[in-house]
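Below is one structure; the comments refer to it alone.
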Amino acid sequence: MRSPKTVNPARPFVLRSLRYLIIGTLVISCGEKKERAEQKEEVPAFSADTAYAFVQKQVAFGPRIPNSVAHRAAGDFIIATLNRYGARTTVQEFTALTFDGHTLNLRNIIASYQPKKQKRVLLSAHWDTRPFADKDPENASASFDGANDGASGVAVLLEIARHLGAGMGPEVGVDLIFFDGEDWGEREGEAMRAPLPAGWTSWWCLGSQYWSKNKHKRGYQAQYGILLDMVGARDAHFFQEGASVTYAPGVVKKVWNTAARMGFSSVFIAQRQEAITDDHIFINETANIPTIDITHFEPGLGYFGKTHHTRQDNLAGISWETLEIVGRVVLQVVYDEE
Numbered sequence: 001m002r003s004p005k006t007v008n009p010a011r012p013f014v015l016r017s018l019r020y021l022i023i024g025t026l027v028i029s030c031g032e033k034k035e036r037a038e039q040k041e042e043v044p045a046f047s048a049d050t051a052y053a054f055v056q057k058q059v060a061f062g063p064r065i066p067n068s069v070a071h072r073a074a075g076d077f078i079i080a081t082l083n084r085y086g087a088r089t090t091v092q093e094f095t096a097l098t099f100d101g102h103t104l105n106l107r108n109i110i111a112s113y114q115p116k117k118q119k120r121v122l123l124s125a126h127w128d129t130r131p132f133a134d135k136d137p138e139n140a141s142a143s144f145d146g147a148n149d150g151a152s153g154v155a156v157l158l159e160i161a162r163h164l165g166a167g168m169g170p171e172v173g174v175d176l177i178f179f180d181g182e183d184w185g186e187r188e189g190e191a192m193r194a195p196l197p198a199g200w201t202s203w204w205c206l207g208s209q210y211w212s213k214n215k216h217k218r219g220y221q222a223q224y225g226i227l228l229d230m231v232g233a234r235d236a237h238f239f240q241e242g243a244s245v246t247y248a249p250g251v252v253k254k255v256w257n258t259a260a261r262m263g264f265s266s267v268f269i270a271q272r273q274e275a276i277t278d279d280h281i282f283i284n285e286t287a288n289i290p291t292i293d294i295t296h297f298e299p300g301l302g303y304f305g306k307t308h309h310t311r312q313d314n315l316a317g318i319s320w321e322t323l324e325i326v327g328r329v330v331l332q333v334v335y336d337e338e
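214 is the number that our numbering gives to position 214 of the sequence shown; each next residue is one higher, with no gaps.
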């Protein structure tokens with residue numbers, strides 16, 4: 001015969017207390033999550049007018065060819081603007097040799113927001129102008145404004161900086177890098193005149209090559225990077241650049257899915273194209289930060305568009321709408337991070 005089960009008269013009270021404790025904890029937890037969600041900063045409204053004004057300002061200095069007065073003034077303007085927008089600004093000065101024997105005095109400009117946050121996103125563009133319009137059908141030796149290449153990318157980053165410095169930013173730290181010496185490269189259709197100096201792998205992208213080997217902060221790392229190059233042309237389309245898909249497929253998916261969700265799938269075309277050499281190559285291969293390149297591609301013509309490295313790369317070719325679409329997509333991606 002089995003003995004009757006002994007019942008502890010205090011057990012129901014303990015169980016009820018435990019149940020209330022669990023429920024209370026869940027309520028507090030949900031409340032904290034709700035509070036964090038309410039505190040999360042909304043994505044700010046990207047101003048196409050302000051971005052366009054930043055393009056105008058850069059063009060007004062004249063072609064920003066390294067070693068020129070216009071180049072120095074434009075760099076000073078970028079630094080002053082970032083400081084005004086509350087960035088922790090670092091200027092990385094260095095020299096580099098060009099394929100045609102010039103020694104360039106260059107500056108990478110780095111702006112950090114919420115520098116204590118461990119999780120970081122890197123946004124970049126180049127701010128120099130090519131010294132010759134070697135694709136121009138009439139004057140291949142002329143200088144040009146570089147309104148799209150690369151004042152447009154700089155303008156989008158400066159407008160983003162304006163918001164990052166205005167109050168609560170996204171949940172992640174953001175670093176903006178303005179690379180110098182990207183566009184001197186080699187002359188179109190001309191063979192290399194001299195061997196590359198030791199430590200350099202290309203005549204192009206001098207600033208990103210230097211930064212990738214000499215980061216502005218020891219041990220710096222970002223979750224991923226987004227490079228903006230030629231992002232202001234009228235009727236521009238942004239296909240998925242091949243090296244971006246190879247090195248950072250998840251970032252490509254994140255950006256193009258965001259663009260589609262925002263209604264911009266006719267501008268951000270989810271089709272892969274060939275790989276190109278741009279600043280993101282060195283950020284990926286040397287700095288080991290998965291980085292994509294958002295850059296103009298025209299089916300039937302290829303990358304960069306008709307005005308690339310010609311005197312037609314001027315303000316007349318810049319679109320408020322394109323600047324706004326790119327700026328809104330990038331801001332949304334960054335502010336979606338947790």
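Every residue, glycine too, gets a C-beta built ideally from N, C-alpha and C.
None of these values were measured; they are calculated from a predicted model.
task: List the residues that DSSP assigns as beta-bridge partners of S112.
output: Looking up residue 112 in the sequence shown gives position 112. According to DSSP, which records beta bridges pairwise, S112 is partnered with R88 and D175.
N-terminal and C-terminal residue of the alpha helix (DSSP H) that R261 is part of: For the purposes of this step, residue 261 is taken as residue 261 along the sequence shown, with counting starting at 1. Per DSSP, R261 belongs to the alpha helix (DSSP H) from P249 to R261.
- prompt: In three-state terms, what does DSSP make of L206?
  reply: The sequence position of residue 206 within the sequence shown is 206, counting from 1. Here L206 sits in helix by DSSP.
field: Extent of the continuous beta strand (DSSP E) to which T291 belongs
entry: Indexing the sequence shown from 1 puts residue 291 at position 291. First-last of the beta strand (DSSP E) with T291: T291 to T295.
- request: With H237 as the anchor, note down where its alpha helix (DSSP H) starts and where it stops.
  value: If you number the sequence shown from 1, residue 237 lands on position 237. Careful: H237 lies outside any alpha helix (DSSP H) and carries neither H nor E.
Contact under 7 Å by Cβ, G242 with E285: One-based indexing of the sequence shown puts residue 242 at position 242. One-based indexing of the sequence shown puts residue 285 at position 285. Cβ atoms of G242 and E285: not closer than 7 Å.
query: Could you check where the beta strand (DSSP E) with Y362 kicks off and where it finishes?
result: In the structure as shown, the chain begins at 1 and stops at 338. Residue 362 is therefore absent and cannot be evaluated.
query: When the Cα of I226 is compared with those of A60, L97, A51 and G153, which residue comes out closest?
result: Within the sequence shown, numbered from 1, the residue matching residue 226 stands at position 226. The candidate whose alpha carbon is nearest that of I226 is G153.
message: Out of P66, T81, A125 and I269, which one is the CA nearest neighbour of T103?
response: Position 103 of the sequence shown, counting from 1, holds the residue named residue 103. Measuring from the Cα of T103, the nearest candidate turns out to be P66.
task: Please indicate yes or no: does the CB of G165 lie closer than 6 Å to some heavy atom of the ligand ZN?
output: Absence of the ligand ZN is noted for the structure shown, with no ligands found whatsoever.
query: With C-beta atoms as the reference, is D229 less than 7 Å away from G150?
result: Against the sequence shown, residue 229 aligns to sequence position 229. Against the sequence shown, residue 150 aligns to sequence position 150. Result yes, Cβ atoms of D229 and G150 sit closer than 7 Å.
- prompt: What do you reckon, are the CB atoms on A87 and A111 nearer than 7 Å?
  reply: In the sequence shown, counting from the first residue as 1, residue 87 sits at position 87. In the sequence shown, counting from the first residue as 1, residue 111 sits at position 111. Cβ distance < 7 Å, so A87 and A111 count as in contact.
query: In the structure shown, what three-state DSSP assignment does A70 receive?
result: Here residue 70 refers to the residue found at position 70 when the sequence shown is read from its first residue. DSSP places A70 in helix when its eight states are reduced to three.
- request: Below 7 Å CB to CB, which residues in the same chain sit around R328 once its five sequence neighbours on both sides are set aside?
  value: For the purposes of this step, residue 328 is taken as the residue at position 328 of the sequence shown. Same-chain partners within the cutoff: F46 and M262.
- request: Give the secondary structure of N83 by DSSP, where H, G and I count as helix, E and B as strand, and everything else as coil.
  value: By one-based count along the sequence shown, residue 83 stands at place 83. Helix, per DSSP.
message: If you reduce the DSSP assignment to three classes, tell me which class F61 lands in.
response: The residue given as residue 61 occupies position 61 in the sequence shown. It is coil, neither helix nor strand.
- prompt: What is the residue span of the alpha helix (DSSP H) that Q332 lies within?
  reply: Residue 332 sits at position 332 when you count from the first residue of the sequence shown. From DSSP, the alpha helix (DSSP H) with Q332 extends over W320 to D336.
- prompt: So, R72 versus E93, is the Cβ gap smaller than 7 Å?
  reply: In the sequence shown, counting from the first residue as 1, residue 72 sits at position 72. In the sequence shown, counting from the first residue as 1, residue 93 sits at position 93. No.
message: Within a Cβ cutoff of 6 Å, which residues of the same chain sit near Y210, ignoring the five residues on either side of it in sequence?
response: As a first step, residue 210 is located in the sequence shown; it is residue number 210 there, counting from the start. Same-chain partners within the cutoff: F94.
task: Please report how far the alpha carbon of T25 lies from the alpha carbon of E337, in whole angstroms.
output: By 1-based counting over the sequence shown, the position of residue 25 is 25. By 1-based counting over the sequence shown, the position of residue 337 is 337. Residue confidence for T25 is low, a pLDDT of 45 falling below 50, so the modelled location carries little weight; the figure read from the coordinates is stated next. Going from the Cα of T25 to the Cα of E337 covers about 27 Å.
message: Does F77 come out as helix, strand or coil in the three-state DSSP assignment?
response: Counting from one through the sequence shown, the residue named residue 77 turns up at place 77. Of the three classes helix, strand and coil, the one that applies to F77 here is helix, per DSSP.
query: Taking the continuous beta strand (DSSP E) assigned at V282, which residues delimit it?
result: Taking the sequence shown and counting its residues from 1, the one referred to as residue 282 is at position 282. Looking at the sequence itself, residue 282 is Phe, so the reference to Val does not match. Element bounds for F282: not the beta strand (DSSP E) but the alpha helix (DSSP H), D279 to E285.
message: Given this structure, state the Cα-to-Cα distance separating E171 from A194, to the nearest angstrom.
response: The residue given as residue 171 occupies position 171 in the sequence shown. The residue given as residue 194 occupies position 194 in the sequence shown. Rounded to whole angstroms, E171 to A194 spans 47 Å at the Cα level.
message: Using only the alpha-carbon positions, how far apart do F297 and S266 sit?
response: By one-based count along the sequence shown, residue 297 stands at place 297. By one-based count along the sequence shown, residue 266 stands at place 266. Straight-line Cα distance between these residues: approximately 13 Å.
query: At which residues does the alpha helix (DSSP H) containing V154 begin and terminate?
result: Taking the sequence shown and counting its residues from 1, the one referred to as residue 154 is at position 154. Element bounds for V154: G153 to L164.
query: Of the residues K116, E41, D100 and A161, which one's Cα is nearest the Cα of Y85?
result: Locating residue 85 in the sequence shown gives position 85, counting from the first residue. It is A161.
task: State the start and end residues of the unbroken beta strand (DSSP E) segment that holds H126.
output: Position 126 of the sequence shown holds residue 126. H126 -> beta strand (DSSP E) spans R120 to H126.
message: Can you find the residues in the same chain that come closer than 7 Å, C-beta to C-beta, to Y245, ignoring five residues on each side of it along the sequence?
response: Taking the first residue of the sequence shown as position 1, residue 245 is located at position 245. The residue you asked about is not Tyr; residue 245 is Val in the sequence shown. The residues are V252 and R272.
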